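**Student:** Note that our numbering has the sequence shown beginning at 3, numbered continuously upward.
No residue lacks a Cβ here, since even glycine has one placed at the ideal position from N, Cα and C.
Since the structure is predicted, the reported quantities are computational estimates derived from the model, not experimental observations.
Attaching a single structure in structure tokens format; questions to follow.
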Amino acid sequence: MKITALIENTSAHDDCIAEFGLSFLIEANGRRILFDAGQTGKIVENAQVLGIDLQSVDACVLSHGHYDHANGFPSFFQMNGQAHLYVRRGFEGDFWAERGDFIGVTRELVESNRVVVLDQERFDLGDGFMILSYAYHEPMFPIEPFGLYIKEEENLIPDTFLHEQYLLVVEGSTRLLVSGCSHRGIRNILHWSVGEVPTHILGGFHFMKVPVDDTAYFDAAADDLLRFPATYMTCHCTGLDQYEYLKKRMGNRLDYIAAGRVIEI
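Quick look at the structure:
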């Protein structure tokens, strides 16, 4: 199984562009799946730098309805004429940040005929790729909106992120669980997915809004993550300082994946 980070806040490659957002190309079982696409067309430029032919991607998955994961897809569609994009119901919501910025997806994407809207908890893409949703599972830990809202009839309501979904990739003994931002809580997601027995976890953990000096919070999070027999590869909304603190607790069980980095597992 091969993972290429096409978009991330930072870059591990001299010629790859860093952009606040996320995009992974995941190759397994003869398939190429694009998970998220960043916020602009920079995914196309970085793919060219890395020698990746985006026309070879056969399906796409959107983790949730925020601009920094979704709005690069129109540029991708110009390069790829066949891949469908699988999204969770509600991805087109009127999403806002407390700073007053609209953070939802572009209208062009909402109206695209390439989009397939899912409502079920499990959707089989075939060849070891499964889209999962835990939208209606009871959380063990509070779901923190961290200043993110959905607008309903001109009222801003704290988002519960029912538009979030995840990707499970199984190849041989490797079971990779991919999350975009883990807005519903990485600890919740791990407990909900325990039956999938993931060996690797990839994605953002959305710790960046938690002060790094809240050591009790991070110690508890690290302890919980270490209870699961998985290796963690994180990025994006985890936060660099937060990652460094967790790294001291988790050692070689935790790694950071920046744009341009390629990992084989």
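Return the CA-CA distance between LEU228 and TYR234, expressed in angstroms with no decimal places.
**Tutor:** Looking up residue 228 in the sequence shown gives position 226. Looking up residue 234 in the sequence shown gives position 232. Just so you know, the alpha carbons of LEU228 and TYR234 end up roughly 10 Å apart.
**Student:** Whose C-beta lies closer than 6 Å to the C-beta of ASP225 among residues of the same chain, with five residues either side of it excluded?
**Tutor:** Position 223 of the sequence shown, counting from 1, holds the residue named residue 225. So the list is empty, once near-sequence residues are dropped.
**Student:** What's the gap between the Cα of TYR138 and the Cα of ASN115?
**Tutor:** Against the sequence shown, residue 138 aligns to sequence position 136. Against the sequence shown, residue 115 aligns to sequence position 113. Each residue's alpha carbon lies about 28 Å from the other.
**Student:** Any idea which residues DSSP pairs TYR234 with across the strands?
**Tutor:** The count along the sequence shown starts at 1 and reaches residue 234 at position 232. Bridge partners of TYR234: ILE203, LEU256.
**Student:** Measure how close the beta-carbons of ASP60 and ARG34 come, nearest whole angstrom, since I'm counting them as under 8 Å.
**Tutor:** Here residue 60 refers to the residue found at position 58 when the sequence shown is read from its first residue. Here residue 34 refers to the residue found at position 32 when the sequence shown is read from its first residue. That belief holds up - the Cβ atoms of ASP60 and ARG34 are roughly 6 Å apart, short of 8 Å.
**Student:** Please report the residue range of the beta strand (DSSP E) in which GLU154 lies.
**Tutor:** Translated into positions along the sequence shown, residue 154 becomes position 152. Per DSSP, GLU154 belongs to the beta strand (DSSP E) from 150 to 154.
**Student:** Just to confirm my understanding: we take PRO147, look at its own chain, exclude 5 residues before and 5 after, and list those with CB closer than 7 Å. What are they?
**Tutor:** Looking up residue 147 in the sequence shown gives position 145. Within the same chain, PRO147 has close Cβ partners PRO160, ASP161.
**Student:** Inspect the beta-carbon positions of ASP38 and SER25 and report whether they are closer than 7 Å.
**Tutor:** Position 36 of the sequence shown, counted from the start, is the residue given in the question as residue 38. Position 23 of the sequence shown, counted from the start, is the residue given in the question as residue 25. It is a contact, given that the beta carbons lie within the stated cut-off.
**Student:** What's the call for ASP221, buried or exposed, on a 16-neighbour Cβ count within 10 Å?
**Tutor:** In the sequence shown, residue 221 corresponds to position 219, counting from 1. ASP221 should be labelled exposed.
**Student:** Would GLU10 and ALA232 be called neighbours here (beta carbons separated by less than 7 Å)?
**Tutor:** Counting from 1 along the sequence shown, the entry for residue 10 is found at position 8. Counting from 1 along the sequence shown, the entry for residue 232 is found at position 230. No, the Cβ-Cβ distance between GLU10 and ALA232 is not below 7 Å.
**Student:** Would DSSP call ILE188 helix, strand or coil?
**Tutor:** Taking the sequence shown and counting its residues from 1, the one referred to as residue 188 is at position 186. Helix at ILE188.
**Student:** Can you name the start and end residues of the beta strand (DSSP E) that THR168 belongs to?
**Tutor:** Position 166 of the sequence shown, counted from the start, is the residue given in the question as residue 168. The sequence as given places Tyr at residue 168; Thr does not occur at that position. Segment 168 to 173, the beta strand (DSSP E) holding TYR168.
**Student:** With DSSP as the reference, identify every bridge partner of ARG91, one or two as the case may be.
**Tutor:** Indexing the sequence shown from 1 puts residue 91 at position 89. The partner list for ARG91 (beta bridge, DSSP) is empty, contrary to what the question assumes.
**Student:** Quick one: what's got a C-beta closer than 7 Å to LYS153's C-beta in the same chain, skipping five residues either side?
**Tutor:** In the sequence shown, the residue the question calls residue 153 occupies position 151. The residues are ASP96, TRP98.
**Student:** Can you tell me where the beta strand (DSSP E) with THR176 in it begins and where it stops?
**Tutor:** Here residue 176 refers to the residue found at position 174 of the sequence shown. Its beta strand (DSSP E) spans residues 176 to 181.
**Student:** Can you grab the Cα-Cα spacing for the pair CYS239 / GLY32, in whole Å?
**Tutor:** For this step, residue 239 is matched to residue 237 along the sequence shown. For this step, residue 32 is matched to residue 30 along the sequence shown. When rounded, the distance between both Cα atoms is 30 Å.
**Student:** Is the segment 77 to 86 close to the segment 51 to 68, with three or more CB pairs under 8 Å?
**Tutor:** With the cut-off at 8 Å, the segment 77 to 86 and the segment 51 to 68 touch.
**Student:** Return the chain-ordered ranges of every alpha helix (DSSP H) run that is complete within the segment 64 to 122 and spans a minimum of 4 residues.
**Tutor:** Entirely contained in the segment 64 to 122, the alpha helix (DSSP H) runs reaching 4 residues are, in chain order, 69 to 72, 75 to 81, 109 to 112.
**Student:** Restricting to Cα atoms, I'd like to know which of PHE209, GLY149, VAL119, VAL118 is closest to ASP103.
**Tutor:** The count along the sequence shown starts at 1 and reaches residue 103 at position 101. Measuring from the Cα of ASP103, the nearest candidate turns out to be GLY149.
**Student:** DSSP three-state label for ARG263, please.
**Tutor:** Your numbering for residue 263 matches position 261 in the sequence shown. In the structure shown, ARG263 sits in coil (DSSP, three-state: anything other than H, G, I, E or B).
**Student:** What residue from HIS15, GLU47, HIS66 has the CA that sits closest to GLY206's CA?
**Tutor:** In the sequence shown, residue 206 corresponds to position 204, counting from 1. For GLY206, the nearest C-alpha among the options comes from HIS66.
**Student:** Looking only at C-alpha atoms, which of GLY40, ILE28, LEU120 sits nearest to GLY92?
**Tutor:** On the sequence shown, position 90 is the one that residue 92 refers to. Of the candidates GLY40, ILE28, LEU120, the one whose C-alpha sits nearest the C-alpha of GLY92 is LEU120.
**Student:** So, using beta-carbon positions, are ILE133 and TYR88 closer together than 7 Å?
**Tutor:** Position 131 of the sequence shown, counting from 1, holds the residue named residue 133. Position 86 of the sequence shown, counting from 1, holds the residue named residue 88. Cβ atoms of ILE133 and TYR88: closer than 7 Å.
**Student:** What does the Cβ neighbour count give for GLY172, buried or exposed, with the cut at 16 atoms within 10 Å?
**Tutor:** Translated into positions along the sequence shown, residue 172 becomes position 170. The sequence given here has Val at residue 172, not Gly. Buried, because 16 or more other Cβ atoms sit within 10 Å of the Cβ of VAL172.
**Student:** Measure the alpha-carbon distance for LYS250 versus VAL214 and round it to whole angstroms.
**Tutor:** For this step, residue 250 is matched to residue 248 along the sequence shown. For this step, residue 214 is matched to residue 212 along the sequence shown. So the alpha carbons of these two residues sit roughly 13 Å apart.
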